[in-house]
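A.B. asks: This is the structure I want to talk about, given as structure tokens.
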Amino acid sequence: MAYMKDSEAPLISVMICTYNGEGYLAQTIESVLNQTHSNLELIIVDDGSADNTIEIVKKYKKRDSRIRLFTQPHQGFAASRNTALRESRGDWIAIIDHDDLCYPSRLEKQLSLSKIYPEADFCFCDTDHIDEDNRVIDSQFAHFNLDSPFIEKNKAGNMLLRLGGFIDSESVFIKKGIAEKYGTVNTKYLYAADYDFFIRLGFEINFCFTREKLSAWRVHNKQATRNNKAKLNYEIIDILLNYFPDKRVSMKTRCFILIKIAKLLARTSLRM
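Below is the structure:
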């Protein structure tokens with residue numbers, strides 16, 4: 720594949736939101752800085768960490784001027800997302816969280832995907848699920864049956880409501896300005912903020928995806944969503960109820976919503 724010169728390649732903003740992320744942050748940063756597409760800025764938002772997160776970022780910042788660090792008092796994950804979105808300057812924004820990995824050609828290949836589907840302002844990909852030692856233990860699309868790689872708006876929103884979170888956050892590649900146009904991440908949600916954000920965009924813009932695995936989601940015991948499953952379920956229920964009366968939601972999707980809420984309530988009550 721012929722690479723563009725840095726002067727010709729569009730700037731991509733990669734954003735990492737972190738809170739007490741010292742365990743895997745160095746690996747995540749390295750995976751971004753080693754991308755084959757080098758014209759990038761790495762925006763790191765620290766949400767009031769009490770560990771060595773800041774020291775790790777500062778060490779890398781001295782080595783690479785593409786890193787921009789922003790710190791804030793602890794406000795929660797969604798607030799960090801919004802800070803990163805606001806500060807990004809690139810033509811496209813790529814999401815990666817502080818314990819996940821970008822594979823080396825992720826940005827290059829997602830940029831190419833955006834050119835194949837120029838009508839899509841939101842791109843995503845399949846991802847590996849890895850353990851603490853970077854061993855692949857699963858994959859995202861293994862749990863979802865997705866058909867066409869181009870998903871029109873409205874259909875994308877309905878699919879997310881019916882199928883659930885088939886988009887891993889660390890796979891998202893989104894055109895700059897979309898959040899400003901359609902609203903930022905809802906700080907009401909502590910654990911399901913991305914899911915809510917993606918649904919909202921799914922009713923406003925076209926999506927596209929590739930089945931190629933371009934990033935990895937790390938599964939480990941300290942994950943907030945894993946350790947707060949009941950709260951996550953209640954947030955998802957709240958999101959589903961909010962969309963249930965929306966005229967853009969199909970009757971088929973409404974039926975799925977009712978079934979899903981019943982299952983989530985049953986699952987949550989069993990955990991309590």
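Reading the sequence shown from the start, the letters are residues 720 to 991 in my numbering.
Ideal placement from N, C-alpha and C gives every residue a C-beta, glycine not left out.
Tell me, please, whether the stretch 769 to 777 touches the stretch 734 to 741 by the rule of three or more beta-carbon pairs shorter than 8 Å.
C.D. replies: At 8 Å Cβ cutoff, the stretches touch.
A.B. asks: Start and end of the alpha helix (DSSP H) containing arginine 967?
C.D. replies: First-last for arginine 967: undefined, no H or E at that position.
A.B. asks: Check whether the Cβ atoms of phenylalanine 917 and leucine 879 sit closer than 7 Å, and answer yes or no.
C.D. replies: Yes, the Cβ-Cβ distance between phenylalanine 917 and leucine 879 is below 7 Å.
A.B. asks: Look at the alpha carbon of leucine 977 and the alpha carbon of lysine 907, and state the distance between them as a whole number of angstroms.
C.D. replies: Distance between the alpha carbons of leucine 977 and lysine 907: 22 Å.
A.B. asks: Would you identify the three-state DSSP class for threonine 802, choosing helix, strand or coil?
C.D. replies: Of the three classes helix, strand and coil, the one that applies to threonine 802 here is helix, per DSSP.
A.B. asks: Applying the 10 Å Cβ sphere with the 16-neighbour rule, what's the burial state of methionine 970?
C.D. replies: By the neighbour-count rule (16 or more Cβ atoms within 10 Å), methionine 970 is not buried but exposed.
A.B. asks: Can you give me the Cβ contacts of isoleucine 815 inside the same chain, cut-off strictly under 7 Å, excluding the 5 residues immediately before and after it?
C.D. replies: For isoleucine 815, where only same-chain residues beyond five positions count, the Cβ hits under 7 Å are Val733, Ile735, Thr747, Val751, Cys821, Glu889 and Ser934.
A.B. asks: Assign asparagine 877 to one of three DSSP states: helix, strand, or coil.
C.D. replies: Reduced to three states, the DSSP call for asparagine 877 is helix.
A.B. asks: Examine the Cβ distances between the stretch 858 to 872 and the stretch 893 to 907 and report whether three or more of them are shorter than 8 Å.
C.D. replies: Contact between the stretch 858 to 872 and the stretch 893 to 907 is absent, because fewer than three Cβ pairs lie under 8 Å.
A.B. asks: Between arginine 808 and leucine 759, which are expected to be in contact by the criterion C-beta below 8 Å, what is the C-beta distance as a whole number of angstroms?
C.D. replies: In fact, because the Cβ distance is near 11 Å, the residues do not count as touching under 8 Å.
A.B. asks: Identify, in the order they occur along the chain, each residue of the same chain with its Cβ nearer than 6 Å to the Cβ of aspartate 818, setting aside the five sequence neighbours on each side.
C.D. replies: For aspartate 818, where only same-chain residues beyond five positions count, the Cβ hits under 6 Å are Tyr743 and Arg937.
A.B. asks: For glycine 827, count neighbouring Cβ atoms within 10 angstroms of its own Cβ and tell me buried if that reaches 16, exposed if not.
C.D. replies: Per the sequence shown, residue 827 should be read as glutamate rather than glycine. It counts as buried.
A.B. asks: Buried or exposed, going by whether 16 or more other CB atoms sit within 10 Å of the CB of valine 764?
C.D. replies: It is buried - the Cβ of valine 764 has at least 16 other Cβ atoms within 10 Å.
A.B. asks: Output needed for glutamate 931: all residues of its chain with C-beta closer than 7 Å, excluding positions within five of it in sequence on either side, in chain order.
C.D. replies: Lys828, Cys844 and Asp845.
A.B. asks: Could you give the distance in angstroms between the alpha-carbon of phenylalanine 922 and the alpha-carbon of alanine 798?
C.D. replies: So the alpha carbons of these two residues sit roughly 22 Å apart.
A.B. asks: Cβ of arginine 787 within 7 Å of Cβ of isoleucine 762?
C.D. replies: The answer is yes: Cβ separation under 7 Å.
A.B. asks: Can you tell me where the beta strand (DSSP E) holding arginine 787 begins and where it ends?
C.D. replies: That run of the beta strand (DSSP E) goes 786 to 790.
A.B. asks: Between tyrosine 910 and lysine 950, is the Cβ-Cβ spacing less than 7 Å?
C.D. replies: Yes; because the gap between Cβ atoms is below 7 Å, this pair is in contact.
A.B. asks: Between leucine 865 and alanine 803, what straight-line distance do the alpha-carbon atoms span, to the nearest angstrom?
C.D. replies: Computed Cα separation, rounded: 29 Å.
A.B. asks: Report the partner residues of asparagine 925 according to the DSSP bridge assignment.
C.D. replies: According to DSSP, which records beta bridges pairwise, asparagine 925 is partnered with Ala839.
A.B. asks: Do isoleucine 958 and isoleucine 893 have their beta-carbon atoms positioned less than 7 Å apart in this structure?
C.D. replies: Against a cut-off of 7 Å, the Cβ pair of isoleucine 958 and isoleucine 893 comes out as no contact.
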